[in-house]
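Down below is the structure, laid out as structure tokens.
Residue numbers (the numbering used here), protein chains in the order written: chain A, 40 to 151; chain B, 8 to 119.
Spelled out as structure tokens, the structure:
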């Protein structure tokens, strides 16, 4: 069984740039959630995708956007990067209607 | 407002010294309470889900319990490999698109 995989693992951007993070869900999982984790804090919910549609969103501005593809993989896009966007971005997959989330290793974004 | 608070923020134990981690929550209709383990630079690893007060679950040296206001993660005779940050999260009963609300975590260090 293949777990959740994320890419890239680390990346450095400058303020104002745009970034795309990618996630492949665990085999058999059709729901993908994205979380932002600042250093020393718990993860914060960004949004969730189910059947290629956004199924819930946290308190993040519209410059955070996402996509889910027919194979259930997903992308997180962040435009106009700010210094405070520096964080570990976590993707988690689950089976629609079930709550147990299985996380990937994360993408560490540094904004300079 | 839905909220999760974990205590202590950090805990240092000697190998074999049993202890408990606390997770206090305020949520509008608890749908589930989750415990995760997170190693440095890694994504959270799912441990337990608890759904109703009085429920208990065990896995190796870990035992999770749930009341109407809090959850405890009991660690019996811990080993150095149990060192990690333990995260507690809740999901509310109303439709939040699978959103989990995390606490800030308890960083556990077990010395040999």
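For each residue, glycine too, the CB sits at the ideal point set by N, CA and C. Please read these numbers as outputs of a predicted model, since none were measured by experiment.
DSSP, read as helix, strand or coil, puts residue 63 (chain B) in strand. Residues of the stretch 57-80 of chain A with a C-beta atom less than 7 Å from some C-beta of chain B are 70, 72 and 80, listed in chain order. From the beta-carbon of residue 107 (chain B), the residues of chain A found nearer than 7 Å are 84 and 140. According to DSSP, residue 128 (chain A) shares a beta bridge with A:75 and A:146. Annotation: Cβ neighbours of residue 112 (chain B) in chain A (cutoff 7 Å, chain order): 81.
In terms of beta-carbon proximity, residue 94 (chain B) lines the interface with chain A, with at least one pair separated by less than 8 Å. The beta carbon of residue 84 (chain B) lies closer than 7 Å to those of 23, 25 and 68 in the same chain, with the five residues before and after it left out.
Straight-line measurement puts the Cα of residue 147 (chain A) at about 6 Å from the Cα of residue 50 (chain A). Nearest CB-CB separation between residue 53 (chain B) and chain A: below the 8 Å threshold. Annotation: the continuous beta strand (DSSP E) that includes residue 55 (chain B) extends over 52-57. For residue 70 (chain A) against residue 61 (chain B), the beta-carbon gap comes to about 29 Å, at or over 8 Å, which does not count as contact.
In this structure residue 46 (chain B) is exposed. Its beta-carbon is surrounded by fewer than 16 other beta-carbon atoms within 10 angstroms. For residue 107 (chain A), there are no neighbours in chain B by C-beta distance under 7 Å, as the nearest C-beta there is about 13 Å away.
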